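Numbering (the UniProt record's numbering), first residue to last: 1 to 143. The structure appears right after this line, and notes come after that.
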Amino acid sequence: MEQQIAELVKAMQTIQEQNASIQDSVAASTAAIEDMAPVVRELAGWRQRVEGVVEELRGEMGDLKAQVDRIALNPALMVRPTNLPGLLPTPVKWSASEGGLPTLLKGDEALHRPVGHRLPTVDRGVIGQGFTPVDQTPNKGCS
């Protein structure tokens, strides 16, 4: 009988140790859940926004698929490259009569510029014609 009581006391101690361990685990889990609660609430709101955007994209994809199907059935509706806007912006030409900048189509003399700036270049002929280098060292090859 004493042996059974000793075994029961030992079992009781083991159960109490397990209970303490379980309570520690529950406390740690509760703290972790409390730390995660604000993040979960934030993600819940974020999910609704993402689902809304995904629905918009699905609607746009449906519209695009309908356009592709319509174009595939009727090739005359295809967009031609000449109908698309250019890749580079087209420069706007201003004239002096409009009060804007002078156009580049005028002669250089008609443009108002400071003296000495942007003088017209003179055609100087072919490069190298009549040119003799100052340093005329002979070729010192191995011959």
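For each residue, glycine too, the CB sits at the ideal point set by N, CA and C. Remember, predicted model here, so these are calculated numbers, not experimental data.
From residue i to residue j, what distance separates their C-alpha atoms?
i: leucine 88; j: arginine 80; result: 18 Å
i: alanine 31; j: valine 50; result: 29 Å
i: valine 39; j: glutamate 56; result: 26 Å
i: lysine 10; j: glutamine 18; result: 12 Å
i: methionine 61; j: aspartate 35; result: 40 Å
i: leucine 64; j: glutamine 23; result: 58 Å
i: glycine 45; j: alanine 27; result: 28 Å
i: glutamine 4; j: serine 21; result: 26 Å
Mind checking which residues open and close the alpha helix (DSSP H) that includes residue i?
i: leucine 43; result: 2 to 73
Using the rule of at least 16 other Cβ atoms within 10 Å of the residue's Cβ for burial, across every protein chain shown, is residue i buried or exposed?
i: leucine 73; result: exposed
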